[in-house]
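Heads up, the thing below is written out as C-alpha cells.
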Amino acid sequence: MPLSPIKPTEEPPPTLPRASRLPLDPLLTLAVIGLGVCSVITLKVATRDLPIDPHYYVERQAIYLGVGFALMLGISRLDYARLRRHWRVMYAVLLLSILAVLGLGHSANGAQRAINFPLFSFQASELGKILLILALSALIVERARHLRERDTTVRVLIAALVPTMLVIVQPDLGSGLVYMTIACMLLFVAGTSWRHLAALAALVCVSIAFVLVAAPAVGVHVLKPYQVERLTAFIHPNSNAQKESESKEREAKDGEPDPSYQQQQSKIAIGSGGKTGRGPNASQVPYGFVPESDTDFIFAALGEKYGFVGAGLVLALYALLISRTLRVLVMSKDLFGSLIAAGIAAMLMFQVFVNVGMTIGIMPVTGVTLPLMSYGGSSVIATLLGVGLLQSIYVQARASAALKGRVLR
Amino acid sequence: MSAIEPVKPRDPRVPVSPQLALRVAIISGVAMVMFGVIFFRLWFLQVLSSEQYVSQADAELARHLPIAAPRGQILDREGQPIVGSTTTNAVQIVPEELPPGISSQVAAYQATLDEAEEARHVALARLSSFRASLGGVRRLTHAQHHELDSLRRAAAPPRVAVPPLPASDTALAGLFERLGHVIGMRARTIDERVVEGMTATPYAHVTIKTAAGSGPLTVLGERADEFPGVVQEPVSIREYPFGEMAAQILGYVGQVSEPELKQPAFRGVKQGTIVGQAGLEYYYDHYLRGKPGVQRVAVNAEGQPVPSKLPPTPPQAGYSLQTTLDLGLQRASEKAMQEGMEHARAGGKPAIAGGFVALDPRNGEVLAMGSSPSFDPDKFAKPLSYREYAELSSGANGIPGRLTDLADEGEYPTGSTFKPITAMAALEAGVITPSEGLGSGQCIYVSTEPFCNAGHADYGAVGLVEALKVSSDTYFFEVGERANAYGNVIQNKAHELGVGEPTGIDLPSEFPGVVPDRRWLAEQDELETKCEAAHHGNRCYIVAEPGAPWTVGYNMDLAVGQGELLTDPLQMAVAYSTLANAYRNGGEGTVVTPHLGKQIDERSGSLLQTLRFPSRHVHLNSEDLGLVMEGIHDAASEPGGTSADVWSGWNQELHPVYGKTGTAERAGHVEQSWYMCYIADPKHPIVIAVTVEEGGFGAETAAPIARLIASQWFGVAKRFVAGSSKTF
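Residue numbers (the numbering used here), protein chains in the order written: chain A, 1 to 409; chain B, 1 to 728.
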C-alpha cells in the first residue's frame with residue numbers, strides 16, 4: 001500500500017477554517033440574547049401597573065442590555081490574559097468601590113448598596129463579582145506551583161473574605177454569599193487538595209450554625225434580624241394565611257416586605273401560572289401582590305404569565321449558558337481562563353439556583369438577582385462583562401488551538 | 001496526551017487533566033441536580049397544584065360586595081301590598097373615582113372613630129359595673145340618675161363628626177358643591193355621607209340620595225364627565241303606599257347595626273344589609289330579608305379596585321308576608337281614631353294618644369291594629385339623621401314616642417272594661433250570686449276609706465246584669481271586697497282569660513302587663529327594700545308604703561280595673577275574645593294567640609308556608625257567662641246602658657253588640673277613655689278594643705270610635721255618636 005507523501009513541515013500552516021474565525025461562541029451568544037429578550041418581555045408584565053411611565057423599566061433594561069452586549073463584544077476582542085498582571089489593582093478597586101458605596105451610598109430597602117449617578121445607580125457589589133473572579137483567579141495562577149499548600153487556600157479565602165464581609169455590612173448578604181461561592185469554586189477547580197476542601201466544607205457548616213444559632217443565643221447578632229428571618233423563613237412555609245395581615249402591617253411599618261409573605265405570594269403566582277401561564281388573566285404580579293417582581297422576584301412574573309412552558313424555556317437558556325461556561329472552562333488555553341470561567345460558572349449557578357429556588361419556595365429569601373433577567377443595570381452589565389470574558393477565553397482558546405493545530409469544537 | 005503535545009506554552013498551561021475532568025464533572029453533576037430540583041419543583045407547583053394556586057390567587061384578588069336583595073312585600077289579608085319594594089335609581093358615589101383628598105379625610109375620620117369607640121368601651125364597662133352596684137333598684141336618687149344618664153350617653157354608639165374637607169382639595173369641594181346643587185343637598189351633607197359610607201363598607205358605592213327625581217338624574221347622566229365618580233344605580237327601597245298607616249305594626253327597616261349582628265335573629269347577616277328594625281319587619285325579617293347576591297370586585301395589593309370580569313351571584317328576593325290585616329278596616333280604624341281624638345280635643349280633653357285593636361275572636365287574627373300618633377316609615381327608607389330618630393323615638397311632655405305601638409306596648413289600667421272579668425271570676429267562685437243586690441249607696445266604706453261611684457251616683461242595690469249595664473262601681477267594689485277572702489280569684493281569672501300575660505303576638509317588644517296580687521306586692525316590697533339598702537335608706541317609691549301588707553283595697557281597685565292593674569288593649573281584646581268564643585260555644589272557649597302573620601308567599605305569589613299559632617282551651621261556666629254577656633249586651637243596647645246611646649240606630653238584631661265602657665283614672669292625667677266590645681255575627685264576629693289617653697269618659701271618646709270601626713266592618717253607614725255616660 002503506497003504511502004501518500006508526507007507534507008513538508010516547511011509549508012505554511014493551513015489557513016484557519018472560516019468557522020474558527022467566528023469571533024464569538026455562537027451558543028453562548030444565543031443564550032445571552034435569548035435571556036435578554038425574555039427579560040424585556042417579562043419586565044413588561046412585571047412593571048405594567050407602575051404609576052410612572054409604563055415603559056420606563058423596559059426601556060432602561062433594554063438600554064442596559066444593549067450597553068452590556070456592546071461591552072461583551074468589546075471584551076471578547078481583548079486578550080483576558082493581560083488582565084492577570086493587574087489583579088492587585090482590580091482587587092483594590094473592588095475594595096475601594098465597596099467602601100465608597102458604604103460611605104456615599106444611597107439606601108434602598110434598608111440597605112446601602114449603590115451610589116446614585118445621574119443616569120445610573122452603581123451597585124459596586126455586582127461589578128465586584130467580576131473583579132473578585134479576576135483577582136482571585138490571578139492570585140491562584142500566581143501561586144500555581146503551591147496549589148496544594150494550605151497557605152494558598154488560606155490566602156485565597158482571606159482575599160475573598162475581606163470584600164465578603166464588607167458587602168455583608170452594607171448589608172447585601174446575597175452578594176456576600178456569591179463571593180464566597182466563587183472563592184470555593186475557584187479553589188475547587190484549581191485543584192486544591194480534597195483535604196482542604198473537606199475542611200472548608202466543615203468550616204462553612206460550623207460558621208452557618210454559629211451565625212444563625214449560636215451567636216444570637218449569646219446576644220451577638222452577626223446578621224441583622226431581618227436577614228436571619230429571610231434565611232429561615234422558607235423553612236416554615238406555614239400558616240401564611242393567618243400571618244399575612246400581620247406581615248402586611250409590618251411591611252407598612254418598616255417598608256421592608258415580609259419574606260414569608262413575599263415567598264408565599266410568589267409561590268401563588270408561579271403555581272397559578274399552570275402549564276401555559278395565565279396570560280392576560282394574570283393577577284398576582286400585575287396587581288402588585290408579589291413585591292419586587294421586577295428585580296429579585298422576576299421569575300414569579302415569568303411563571304405566572306407564561307407558566308411552565310415559559311419558565312422551562314428560561315431555565316433551558318440558563319442550562320445552555322452554564323453548560324457553555326463549563327465548556328469554556330474546559331477548553332481554555334490556560335489556567336487563568338479556566339479559573340475565570342469557573343468563577344463565572346459559580347456565580348451563574350449560585351444566582352440562578354438560589355434566586356429561582358427562592359421564588360418557588362425551596363430556598364431562603366436572599367437578595368440575589370436572576371442574572372440577565374432581573375431589572376438592574378449593575379447586575380446586567382456585570383453579568384455581560386463576565387460573558388465577555390468567557391467569549392474572550394473562547395476566542396483565545398480557539399486561536400491558540402488553531403496555532404497548535406488542535407481542533408476544538 | 002502531554003507526550004504528543006508539541007509546544008510547551010509559556011503560561012502554566014493546564015491541559016484537561018483527569019483531576020480537572022473529574023472536578024468539572026462534579027460541577028456539571030451539581031448543576032444538573034440543581035436544575036433537576038428546580039424542574040420538579042416547578043412541575044409540582046405549576047402542573048400538579050396549579051388549580052389550588054389559581055384559586056388562591058383569585059381569593060387574594062377578589063373582594064366580595066353584597067348586592068342587596070329586594071325585600072319581600074307585606075300584604076294585607078286579600079294580598080294587596082301594604083309595604084312594597086320598589087327599584088329606584090339612586091345617586092351613588094364610586095369612592096375610588098373621587099379626587100384623592102377624600103382618602104385622607106376618611107383616614108382622619110376613621111382615627112377619630114376608633115378613639116371614640118375606645119372611649120365608648122370604657123364607658124360601657126363603667127356603666128355595667130354601675131348598674132351592678134345598683135342592684136334591682138327601680139327608682140334612683142337624683143345624683144344616680146345623673147350619673148346613669150351621663151354614662152348611658154357616653155356608652156351610646158359614638159356620633160363622630162366628619163372632619164372638614166381639606167381646604168386644599170378644591171376639586172372635591174367643587175364636585176360636591178355642583179352635585180349638591182343638582183340634587184338639592186348641602187355639599188357638607190354629601191361629604192359626610194361619602195366619608196361615613198366609605199368607612200363602613202370600604203369598596204362599596206355610597207348611596208347619596210335614593211329618590212333624586214328624573215330631572216337631576218337626567219342632568220347627571222348627560223354631564224357625566226363633570227361629575228367624576230357619580231353614578232346612578234338601581235337600588236331596592238321600601239315603599240309605603242299608605243304612608244303612616246299601621247306604621248308601628250309594620251315597623252321599619254334600616255342597616256343592620258353592630259349589636260344586632262350579634263343577635264341570633266341576625267345570624268349570617270352581612271354588614272350593611274338592610275334588615276327589619278321593628279314591628280313585622282323585625283319579627284318576620286328572616287323571611288322578608290332575602291339573600292343578598294355577591295358582586296366580586298378585583299383589587300390590587302393596595303386594595304384598590306381594578307377592572308375584571310368576575311361573575312356576580314344574583315341576589316334572591318325575600319318572601320312576601322301576607323298579614324291578617326284588613327286594609328279597608330285598618331284605614332277606617334285609623335281615620336276613626338283621628339276623628340274620635342279630634343272630637344275629644346274639641347270637647348276640651350287633651351286626647352294625646354291612643355291605640356286600637358280589632359280581632360277575630362275565633363282565631364285571633366288581627367284585623368286592624370294601630371297607634372296614634374303615627375310616623376312615616378318612609379323616613380327610615382332613606383338615610384335618617386340622628387335628630388330625626390330621636391324625635392320619633394322619644395316622647396315629650398308625657399306623650400309617648402311615635403314609634404311605640406300603644407295597642408300592645410301601652411301600660412294602662414283599664415277602668416270598667418275589666419268588670420266582666422271580675423264578674424266571671426266572682427260568679428264561678430261563688431263569691432256572689434247573680435241576683436244578689438249589692439252596692440247600694442254612693443260609696444262603699446272600708447274602715448272609713450270611701451270607694452265611690454263616678455259622680456257619686458247611687459244605683460241602689462242591683463243584681464249582676466244591671467251592675468254591668470250601668471257600670472256600678474260600688475257593686476264591683478263590694479265584689480272585690482268579698483273576693484279578697486277567697487284568695488286570688490279575680491287575678492286567676494284575669495290570667496286565665498289572657499290579661500297580665502304576654503299574648504304571644506308576632507311582634508317584638510310586647511308588654512307583659514301586671515295583675516296585682518299578694519305575691520306581686522311581696523316582690524315589689526322586696527325590691528323596695530333592696531333599693532333602699534342600696535340608697536342608704538332613701539325611699540325608692542316602688543311601693544307606696546314599704547312593708548305594708550296586702551289590703552282589701554287592692555282587690556277592690558282591681559275589681560273595677562283600677563289601682564295597680566297594668567295592661568294594654570291587645571290583652572283586653574284577647575280576654576274579650578275568650579269570653580266571646582266561649583259564649584258562642586257553650587262555655588268552651590279558646591284563649592287565642594293574636595297574630596298578624598297569615599302566610600308566607602313566594603315572590604311569585606304562591607303559598608310557601610301557612611303560619612300557625614297555638615291557642616289554649618279554657619272552660620267557663622256557660623250559665624254565668626250568659627249572665628255576664630247579657631249584662632254587657634244590655635250596657636250597649638238597653639236604655640240606661642253605659643254605651644247604649646253610642647249605638648243608637650245600630651241593628652242590634654243583626655249584629656248584637658256586647659260592649660263595656662271604661663274610664664281609667666291615672667294620677668296626674670285626665671281620665672283615659674276605654675271601650676271594649678264584641679259584636680256577634682255568624683260569619684265575621686269581631687272584638688274591638690279602643691283606648692285614648694286623656695280622652696275622657698269611655699262613652700265619650702273610645703266607644704264612638706269603636707262604633708265607627710264596627711260600621712266599616714259590617715258595611716253600614718258610619719256615624720260618630722258620642723255617648724253621655726259619665727261612668728268609670
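Glycine included, C-beta positions come from ideal geometry on N, C-alpha and C. It should be emphasised that the depicted structure is a prediction, and the values quoted were computed from it without experimental measurement.
Those residues which DSSP pairs with C452(B) across a bridge: Residue pairing by DSSP places C452(B) opposite C443(B) in a beta bridge.
Where W729(B) falls: helix, strand or coil (DSSP): As displayed, chain B neither begins before 1 nor continues past 728, which places residue 729(B) out of reach and without an answer.
CB contact check: E60(B) to chain A, cutoff 8 Å: Closer than 8 Å to some Cβ of chain A, the Cβ of E60(B) qualifies, so yes.
Exposure label - V154(A); buried when at least 16 CB within 10 Å: V154(A) should be labelled exposed.
Short CB-CB distance (under 8 Å) between Y53(B) and chain A: By this cut-off, Y53(B) is an interface position.
Proximity test, Cβ basis, 8 Å: F35(B) and chain A: Answer yes: the Cβ-Cβ gap between F35(B) and chain A drops below 8 Å somewhere.
Neighbourhood of Q741(B) by C-beta, 7 Å cutoff - its chain only, sequence neighbours within 5 removed: Since the first residue shown for chain B is 1 and the last is 728, residue 741(B) is missing from the structure and cannot be characterised.
Chain-ordered residues of the region 16 to 30 of chain B with a beta carbon less than 9 Å from chain A: Residues of the region 16 to 30 of chain B whose Cβ lies closer than 9 Å to any Cβ of chain A, in chain order: V16, S17, Q19, L20, A21, R23, V24, I26, I27, S28, V30.
E304(A), enclosing alpha helix (DSSP H) - first and last residue: Residues 298 to 331.
Contact with chain A by R41(B), beta-carbon distance below 8 Å: Interface annotation, R41(B): in contact with chain A, CB-CB separation under 8 Å.
Chain A within 8 Å of N300(B), Cβ atoms only: Chain A, which has a Cβ nearer than 8 Å to the Cβ of N300(B), makes this yes.
Same chain, Cβ closer than 6 Å to S371(B), five either side skipped, listed in chain order: These residues qualify, in order along the chain: Q248, G355, D405, L406, A407.
Buried versus exposed call for Y80(A) [16 or more other C-beta atoms within 10 Å across all chains shown]: By the 10 Å Cβ count, Y80(A) comes out buried.
Neighbourhood of V93(A) by C-beta, 7 Å cutoff - its chain only, sequence neighbours within 5 removed: Same-chain partners within the cutoff: L131.
Residue burial classification, D634(B) (beta-carbon count within 10 angstroms, cutoff 16): Per the 10 Å Cβ criterion, buried.
Secondary structure of S121(A), DSSP reduced to three states: In this structure, S121(A) counts as strand in the three-state DSSP scheme.
Contact with chain A by S49(B), beta-carbon distance below 8 Å: In terms of beta-carbon proximity, S49(B) lines the interface with chain A, with at least one pair separated by less than 8 Å.
Buried/exposed call for W647(B), threshold 16 Cβ in 10 Å: By the 16-neighbour rule on beta-carbons within 10 angstroms, W647(B) is buried.
Contacts that L45(B) makes with chain A (C-beta to C-beta distance below 7 Å): Chain-ordered, the chain A residues with CB closer than 7 Å to the CB of L45(B) read K267, I270, G271, I360.
Contained alpha helix (DSSP H) runs [length at least 4] in the region 672 to 721 of chain B, N- to C-terminal order: Within the region 672 to 721 of chain B, the complete alpha helix (DSSP H) runs of at least 4 residues are 702 to 714.
For M369(B), three-class secondary structure by DSSP: The three-state reading of DSSP puts M369(B) in strand, counting E and B together.
Closer than 8 Å to chain B by CB, M347(A): It does not: the Cβ of M347(A) has no partner Cβ on chain B nearer than 8 Å.
Neighbour list for Y287(A) in chain B, Cβ cutoff strictly below 7 Å: Neighbourhood of Y287(A) in chain B, by CB distance below 7 Å: L61, N300, A301, V306, in chain order.
Opposing strand residues paired with F380(B) [DSSP bridges]: DSSP output for F380(B) lists no bridge partner at all.
Whether A68(B) touches P314(B) by CB criterion (8 Å): No, the pair does not count as a contact, with Cβ atoms beyond the cut-off.
Simplified DSSP assignment, three categories, for P234(B): Residue state, collapsed to three classes: strand.
H205(B) vs I93(B) beta-carbon contact at 8 Å: Yes, these two residues count as a Cβ contact at 8 Å.
A190(A), buried or exposed, once every other Cβ within 10 Å from all chains shown has been counted against 16: By the beta-carbon neighbour count (other beta carbons within 10 angstroms, threshold 16), A190(A) is buried.
Where A278(B) meets chain A, residues with beta-carbon distance less than 8 Å: Those do not exist, as A278(B) stays about 37 Å from chain A at its closest Cβ, beyond 8 Å.
DSSP-derived helix/strand/coil call for E281(B): DSSP places E281(B) in helix when its eight states are reduced to three.
Option nearest P434(B) by Cα separation, candidates L325(B), V366(B), N621(B): The shortest Cα separation from P434(B) among L325(B), V366(B), N621(B) belongs to N621(B).
Residue-level contact to chain B via CB, A397(A), 8 Å cutoff: It does not: the Cβ of A397(A) has no partner Cβ on chain B nearer than 8 Å.
Chain B contact for L329(A) (CB, 8 Å cutoff): Interface residue, yes.
Chain-order list of residues whose beta-carbon lies under 6 Å from that of S429(B) (same chain, five-residue window excluded): Just to set this straight, residue 429(B) is Ala in the shown sequence, not Ser. In its chain, beyond the 5 residues on either side, Y486, V489 have a beta carbon closer than 6 Å to the beta carbon of A429(B).
Given 8 Å, three or more beta-carbon pairs between the region 288 to 301 of chain A and the region 368 to 379 of chain A: The region 288 to 301 of chain A, when compared against the region 368 to 379 of chain A, does touch it at the 8 Å Cβ threshold.
Residue burial classification, I688(B) (beta-carbon count within 10 angstroms, cutoff 16): Around the CB of I688(B), 16 or more other CB atoms lie within 10 Å, so the residue is classed as buried.
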